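> Okay, here's the structure, questions in a sec.
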Amino acid sequence: MNRKDIAINKLKSLGEMIIEDVQKMKVPAIKVPSRGTSNIVYDDVKRHYVLGDRYGKRSLGNVKQIKKIGQMIYMANFCKELVRSQKTATLRELYYVSEGWDVDFGDQQESNIVGEDLEVTLGMTREDLGLMPEEDGASVYGELTIQEGDLEINAMKAGKSGYTISPTIDEVEFVDHDVKRVIAVETMGMFHRMVQENAYKKFDTLIVGLKGQAARATRRFLKRVNEELNLPVYVCNDGDPWGFHIAMVIISGSAKLAHVNHELATPNAKFLGVTASDIINYDLPTDPLKDIDVLRLKELLKDPRYKDEFWKVEIKKMLKIGKKAEQQSFSKYGLEYVVDTYFPEKLEELEQ
Amino acid sequence: MERQASELFEEFKELTASEFFRRNKQMLGFSGKIRSLTMVFHELITNSFDAAEEAGILPEIKIDLKRLDKDHYILRHRDNGPGIPEDFITKVFCTMFAGSKFRNIQSRGQQGLGCSGCVLLSQMTTGKPARVTSGYKVNGEIKGVQMTFKMDVKKNQGLILDKKEIPLDSTGVCIELHFKDVSYSLSEQGAYEYIRRTMIANPHAKITFRDPTGHVYIFDRASEEIPPLPKEVLPHPRGVTADDLIFMAKHTDKRRFRSMLTSNLSRMSTKRVNEIEEITGIDLNKRPKDMKWEEAEQIVETFRKMDFMAPPTSGLIPIGQEQVEKGMIEILDPEFVAATTRKPVTYRGGVAFVIESGISYGGESGRLIGDQKKAEIMRFANRVPLTFDQGSCAITEGLKSIDWKRYGIRDLDNAPITVFVNIVSTNVPYLSTGKQSVAPEPEILHEVRQATMKVARKLQKYLRAKKAEKEEAMRSQIFETYVPIILKEAAALAETDVPEYEHVLAKVTRKPKILEELDDE
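Each protein sequence line maps, in turn, to chains A and B. Positions 1 to 352 (the numbering used here) are the ones given, in order, by the first sequence. Positions 1001 to 1521 (the numbering used here) are the ones given, in order, by the second sequence.
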């Protein structure tokens, strides 16, 4: 069964559950897994956050919950039609559509929350349900051919800025590739540097420009290339707590999306740099850590996702030197240095 | 030019009571146009009530107020009492300080001037005579007389202008008076409100009132019970003054002062009299008339220091919880009413009193000001409405000191409620000569609070139940709206038909419904 059929079946079953309850003269209720912080746990085996087994009940017999049930059912029906007709809608569009329903939402915040309820209840991402984020995903450059509907796209022939990952990434099929690895970088500045220095050729790699925190579609893309095409994924960010965490969300998922991390996290992905050791070893130009950086680093030390020895050492080292460095700081040694020297050395180290 | 004393004293005159009050009519309560008319209503109504009750008749009064001109009214007041014998008519209506109100008895009357004051006001403002028709029984037969008279102020007696016998088929008195310088008003102090409040405190009475616009208000009887007549009780030693003792001494038929004390005061035993004699050193065997003012003062002083039993309370006749509730229901048509009558207690250690309190909510309760309902406080003393000087009254003070929020009334001023408080006593401690506000004695304040708080608790219960009922209805409404919509949508989602859901709806709205399985049994 393809994703589309699974989604339609799951949505349908939500309605069937309610109708069956009524037929059995029971007051219908929907179990919605709790998304409270106490129900978000780190799964050591899966290496990402998952939801615990606590759930809340939305009963048709509860005056405060009945409207929520109504909203969920209406939204599920709307999503079923979306998936069936292979369309998508943004959350904003969904909110406007809901104005015509017999149960409506106070504001978009409320409809977004019900959307998440639907995701966790069915255990599907909202993209599977036809609901799309506003923002596009990252840029991809390199020898990858994909099929998007009737269109075949080669990521080498989509201009210097590459192929933009669409929010509907799950409808995209990987047709062919000629790479050995994937390198994702935090900034588009580094992305263009790598394109210009022919890094894709030198390392047989796809170059992915994350544009900051990775969008859901980008994370889904990285997971798929890692698992479907069996390509190792490396992430290179700024050498500061924020860069660390952008990598970590790709690797182990976020707490907020614990219910869909199994679709988004890429536990096999590896952090390439910039590490605190890199700052020392390459004698990079630095900025002193600000108070907020120090605070964030200390938070990361307590985060279960950072319990590996590697992370503990690097975080403590950065706290000790009290310095951070941007990925573009390698330019100190010339524009080519990062591609000619840094990446080969680091890749060799990681691929041993 | 120098004038001799003899010349000066030529102008010195002895004033009769009528003459005195002619010059000081405000002392009768006749100050201000609205208040003057209200006082006239008060005097005539209370006299009619007292007369009917003493005769064992359920009072019924018909009042007709016509307006001839700005400020000029004709008042016709007719009752169904025992009537007044011909010879007493001018005494009742023209002689000040006549009647039976100088006793230690719970009475409605406040001034003791009554009807004659009304005749005086009429005569002073219009110069017109009064006309009275009286039907009364003599040896079982009804006699009817009609007379027109004026008041001879200087002689404090009546001056009959015209008199004739007329056939009547029922007893009762009808008086017709002209007034100027008065004003009919619907305000809280006006005559209409006075009647309305009177009817709450006297549910056994009936009043039909035709106002100057011709509108007829019928205040029907809510109870067929004539209240028992109050009994005279002897004053308690703690409640008397030196002046009272001297007054008693002048009018007593006892030979000795000690026997006068034991027979004219309650709780006064021979043992107590001996104690007083010992403490004061006054010879109490002397004749009452020989008692000196200083000695009387000394004795009263001693009373204050001695312990006496609380005064007897047999003389107090409260309206009663049930009757107060009936009165409030009849006049205010409320959603909720509750009343209570406290047990008798004393203030100043010697004067017995009873507080009654009632609260009504919704309906005609409260006063409509603009389009906003405001709380209304109705004060009564011995069943008589107190409509003036609200601010300084113990009743108002007691009510305002209650934490109304505890009883579900967020803001007393803006709640649709009427609070009724009646103080019953042989001696209501008024604050001023107007006798419109009760002195804030600590015991009175306490009783007002306790009585009102007790009924307020019942109100709170009612309001809670009402709120719960409303929420229940809203709850049902929500289910009745959403359940069909949601199930229709769920059926569309499941791609099936909408199932029979009546039983589920009944379950969630908690409305009992006979299910089919039960029918099969």
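Backbone N, C-alpha and C define an ideal beta-carbon position, used for all residues, glycine too. Note that the structure is a prediction, hence the values are computed from the model and not measured.
1) Apart from the five residues on each side of it in sequence, which residues of its chain come closer than 8 angstroms, Cβ to Cβ, to VAL27 of chain A?
2) Taking the CB atoms as reference points, tell me whether PRO288 of chain A and HIS48 of chain A lie closer together than 9 angstroms.
3) Given a limit of 9 angstroms on CB to CB distance, which residues of the segment 69-102 of chain A reach chain B?
4) Can you tell me the Cα-Cα spacing of PHE1020 of chain B and SER1116 of chain B, whole angstroms?
5) Might you give, ordered along the chain, the residues of its own chain that have their beta carbon closer than 7 angstroms to the beta carbon of PRO285 of chain A, omitting 5 neighbours on each side?
6) With 16 as the cutoff for other CB atoms within 10 Å, does HIS1251 of chain B come out buried or exposed?
7) In the DSSP assignment, what residue or residues form a beta bridge with VAL1345 of chain B?
8) Quick check: the Cα distance between GLY142 of chain A and LEU151 of chain A, rounded to an integer number of angstroms?
9) So with Cβ pairs under 9 angstroms, would you call VAL63 of chain A a contact of chain B?
10) For ALA1490 of chain B, go through chain E and note every residue whose CB falls closer than 7 angstroms to its CB, in chain order.
11) Give me the chain A residues within the contact set of GLU1495 of chain B, using Cβ-Cβ distance strictly less than 7 angstroms, ordered along the chain.
12) Give the straight-line distance between the Cα atoms of LYS317 of chain A and VAL249 of chain A, rounded to the nearest whole angstrom.
13) Roughly how many angstroms lie between the CA atoms of SER1263 of chain B and ASN1274 of chain B, to the nearest whole one?
14) Look at the alpha carbon of ARG1510 of chain B and the alpha carbon of VAL63 of chain A, and state the distance between them as a whole number of angstroms.
15) Quick check on MET25 of chain A - is its C-beta less than 9 angstroms from some C-beta in chain B?
16) Are VAL1354 of chain B and THR1313 of chain B close, meaning C-beta to C-beta below 9 angstroms?
17) What residue range does the beta strand (DSSP E) around GLN1157 of chain B cover?
18) Of all Cβ atoms in chain A, is any one closer than 9 angstroms to the Cβ of GLU1469 of chain B?
19) With three or more C-beta pairs closer than 8 angstroms as the rule, is the segment 1488-1498 of chain B touching the segment 1453-1473 of chain B?
20) Between which residues of its own chain and TRP101 of chain A is the CB-CB distance below 6 angstroms, once the five residues before and five after are set aside?
21) Using a cut-off of 9 angstroms between C-beta atoms, extract the partners of VAL1504 of chain B located in chain A.
22) LYS317 of chain A versus chain B: which residues are under 7 angstroms apart at the beta carbon?
23) Would DSSP call THR1198 of chain B helix, strand or coil?
24) Entirely within the segment 29-66 of chain A and at least 4 residues each: give me those alpha helix (DSSP H) ranges in chain order.
25) My output table needs one value for GLY1358 of chain B: the three-state DSSP class, helix, strand or coil.
26) Starting from the Cα of TYR1184 of chain B, find the closest Cα among B:LYS1326, B:THR1038, B:GLN1004 and give me that residue.
27) On the DSSP bridge list, what partners appear for PRO1385 of chain B?
28) How far does the beta strand (DSSP E) with GLY1172 of chain B in it extend, from its first residue to its last?
29) So the alpha helix (DSSP H) LYS201 of chain A belongs to, where does it begin and stop?
30) Look at the alpha carbon of VAL1345 of chain B and the alpha carbon of MET1268 of chain B, and state the distance between them as a whole number of angstroms.
31) DSSP has VAL208 of chain A in a bridge; who is on the other side?
32) Let's test the definition: count the other Cβ atoms within 10 Å of the Cβ of LEU1068 of chain B and tell me whether it reaches 16, buried, or not, exposed.
33) If you count every other CB in all the chains shown that lies within 10 Å of the CB of HIS1215 of chain B, and 16 or more means buried, which is it?
34) When you compare the CB positions of SER1036 of chain B and VAL1153 of chain B, do they come within less than 9 angstroms of one another, or not?
35) Considering only residues of the same chain and omitting the five flanking positions on each side of VAL1300 of chain B, which have a CB-CB separation below 7 angstroms?
36) Quick one: what's got a C-beta closer than 8 angstroms to SER111 of chain A's C-beta in the same chain, skipping five residues either side?
The relevant details are as follows:
1) Here residue 27 of chain A refers to the residue found at position 27 of the first sequence. The residues are ASP21, SER59, LEU60, GLY61.
2) To locate residue 288 of chain A, count along the first sequence from 1; it is residue 288. To locate residue 48 of chain A, count along the first sequence from 1; it is residue 48. No.
3) ILE69, GLY70, ILE73, TYR74, ALA76, ASN77, LYS80, TRP101, ASP102
4) If you number the second sequence from 1, residue 1020 of chain B lands on position 20. If you number the second sequence from 1, residue 1116 of chain B lands on position 116. Taking the straight line from one Cα to the other gives about 13 angstroms.
5) Here the question's residue 285 of chain A lines up with position 285 in the first sequence. Around PRO285 of chain A: ALA325, SER329, LYS332.
6) The residue labelled residue 1251 of chain B in the question sits at position 251 within the second sequence. HIS1251 of chain B should be labelled exposed.
7) Position 345 of the second sequence, counting from 1, holds the residue named residue 1345 of chain B. Looking at the DSSP assignment, VAL1345 of chain B forms a beta bridge with B:PHE1353.
8) Stepping through the first sequence from its first residue, residue 142 of chain A is reached at position 142. Stepping through the first sequence from its first residue, residue 151 of chain A is reached at position 151. Their Cα atoms are separated by approximately 18 angstroms.
9) Within the first sequence, residue 63 of chain A is the residue found at index 63, counting from 1. True, the Cβ-Cβ gap to chain B drops below 9 angstroms.
10) In the displayed structure, chain E is absent; the protein chains listed are A and B.
11) Counting from one through the second sequence, the residue named residue 1495 of chain B turns up at place 495. Near GLU1495 of chain B (Cβ distances below 7 angstroms), the residues of chain A are LYS12.
12) Position 317 of the first sequence holds residue 317 of chain A. Position 249 of the first sequence holds residue 249 of chain A. Going by the C-alpha atoms only, they are around 21 angstroms apart.
13) Within the second sequence, numbered from 1, the residue matching residue 1263 of chain B stands at position 263. Within the second sequence, numbered from 1, the residue matching residue 1274 of chain B stands at position 274. Each residue's alpha carbon lies about 15 angstroms from the other.
14) Position 510 of the second sequence, counted from the start, is the residue given in the question as residue 1510 of chain B. Position 63 of the first sequence, counted from the start, is the residue given in the question as residue 63 of chain A. Each residue's Cα considered, the two are about 12 angstroms apart.
15) Indexing the first sequence from 1 puts residue 25 of chain A at position 25. Yes - at least one Cβ of chain B is within 9 angstroms of the one on MET25 of chain A.
16) Position 354 of the second sequence holds residue 1354 of chain B. Position 313 of the second sequence holds residue 1313 of chain B. Going by C-beta atoms, VAL1354 of chain B is nearer than 9 angstroms to THR1313 of chain B.
17) The count along the second sequence starts at 1 and reaches residue 1157 of chain B at position 157. That run of the beta strand (DSSP E) goes 1157-1165.
18) Translated into positions along the second sequence, residue 1469 of chain B becomes position 469. So, not an interface residue.
19) no
20) Translated into positions along the first sequence, residue 101 of chain A becomes position 101. Once the five neighbours on either side are set aside, the close Cβ partners of TRP101 of chain A are TYR74.
21) Locating residue 1504 of chain B in the second sequence gives position 504, where the first residue counts as 1. What VAL1504 of chain B touches in chain A: ASP21, VAL22, MET25, LYS26, VAL27, PRO28, LEU60, GLY61.
22) The residue given as residue 317 of chain A occupies position 317 in the first sequence. None at all; the shortest Cβ gap to chain B is about 55 angstroms.
23) By one-based count along the second sequence, residue 1198 of chain B stands at place 198. The answer is helix: DSSP assigns THR1198 of chain B an H, G or I state.
24) none
25) Here the question's residue 1358 of chain B lines up with position 358 in the second sequence. Looking at GLY1358 of chain B - three-state DSSP - the assignment turns out to be strand.
26) As a first step, residue 1184 of chain B is located in the second sequence; it is residue number 184 there, counting from the start. Of the candidates B:LYS1326, B:THR1038, B:GLN1004, the one whose C-alpha sits nearest the C-alpha of TYR1184 of chain B is B:THR1038.
27) Residue 1385 of chain B sits at position 385 when you count from the first residue of the second sequence. Its beta-bridge partners are B:PHE1380.
28) The sequence position of residue 1172 of chain B within the second sequence is 172, counting from 1. 1172-1179 is the extent of the beta strand (DSSP E) around GLY1172 of chain B.
29) Along the first sequence, one-based indexing puts residue 201 of chain A at 201. Per DSSP, LYS201 of chain A belongs to the alpha helix (DSSP H) from 199-202.
30) Here the question's residue 1345 of chain B lines up with position 345 in the second sequence. Here the question's residue 1268 of chain B lines up with position 268 in the second sequence. Cα to Cα, the separation comes out at about 19 angstroms.
31) Residue 208 of chain A sits at position 208 when you count from the first residue of the first sequence. Note: VAL208 of chain A sits in a beta bridge opposite A:VAL140, A:ALA184.
32) The residue given as residue 1068 of chain B occupies position 68 in the second sequence. Answer is exposed; the Cβ neighbour count stays below 16.
33) Counting from one through the second sequence, the residue named residue 1215 of chain B turns up at place 215. Counting Cβ neighbours within 10 Å, HIS1215 of chain B comes out exposed, since fewer than 16 surround it.
34) Reading the second sequence from its first residue, position 36 is the one you call residue 1036 of chain B. Reading the second sequence from its first residue, position 153 is the one you call residue 1153 of chain B. Result no, Cβ atoms of SER1036 of chain B and VAL1153 of chain B do not sit closer than 9 angstroms.
35) Against the second sequence, residue 1300 of chain B aligns to sequence position 300. Within the same chain, VAL1300 of chain B has close Cβ partners VAL1240, THR1241, ALA1242, LEU1245.
36) Residue mapping note: residue 111 of chain A aligns to position 111 of the first sequence, counting from 1. Same-chain partners within the cutoff: GLN71, MET75, LEU91, LEU94, TYR95, SER98, PHE105.
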